[in-house]
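Worksheet: the structure to be examined is printed underneath.
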Amino acid sequence: MNKLEKLAYLKGLVAGLNLNDDKKDTKVIKYLMELLEDMVLDMENLEDGFSEFQQQLDEVDEDLGAIERDLYEADSSKSDNTKSNKKKKSKKTKDELYYEVTCPTCGDTICLDEDLINVGEMECPNCGEKLEFDLDN
Ligand SMILES: [Zn+2]
């Protein structure tokens, strides 16, 4: 049973009680029923609106995904280098050597790959201290 069906069922039950309209209890029950009906109807409307909103959001999301794909494709055809570089880097952890350098100023440990080592120097990403490496391979 959904909420509307439950409400209808409940209304039927209340009607079956043959409540005396003059009694205070009856007024309370009727008022509660009215309030309940309002709330259920409001909720149904909200839920409808929400699922509509969700559908729209899904569509926007799909559109955005399509735009993103288009952008990436356009980007990769323009600058293929940056993309293939990125791919290589993520592989490096497996088959290429990393060097760990400890910054003498802040004690931070920095991972360097061979490319950076070959440059010979860099700034510590933590404190900005200029680090120089002189490795004998
Ligand atoms: Zn440092």
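Numbers given in my numbering equal positions in the sequence shown, counted from 1, plus 380. Glycine residues also receive a C-beta, built at the ideal position from the N, C-alpha and C atoms.
- Taking C-beta atoms as the reference points, K386 and M413 fail to come closer than 8 Å.
- About 15 Å separates the CB atoms of C491 and E503; that is not less than 8 Å, and the two are not in contact.
- Spatial neighbours of G396 in its own chain (CB-CB distance under 8 Å, excluding positions within 5 residues in sequence) are not present.
- The beta-bridge partner set that DSSP reports for I490 consists of V481.
- Counting along the chain, K403 sits inside no alpha helix (DSSP H), nor does DSSP assign it H or E at all.
- Taking a 10 Å sphere around the C-beta of L393, we find fewer than 16 other C-beta atoms and assign the residue as exposed.
- Under the three-state reduction of DSSP, E509 is assigned to coil, being neither helix nor strand.
- In this structure L426 is exposed. Its beta-carbon is surrounded by fewer than 16 other beta-carbon atoms within 10 angstroms.
- In this structure, D493 keeps its C-beta atom at 8 Å or more from the C-beta atom of N506.
- With a cut-off of 7 Å, the C-beta of E480 is classified as distant from ligand 1, since no heavy atom of the ligand falls inside that distance.
- Checking the DSSP bridge columns, you'll see E501 partnered with E512.
- In this structure, T489 has its beta carbon at no less than 7 Å from each heavy atom of ligand 1.
- Linking K410 to L444 through their CA atoms gives a straight-line distance of about 50 Å.
- With a cut-off of 7 Å, the C-beta of N498 is classified as distant from ligand 1, since no heavy atom of the ligand falls inside that distance.
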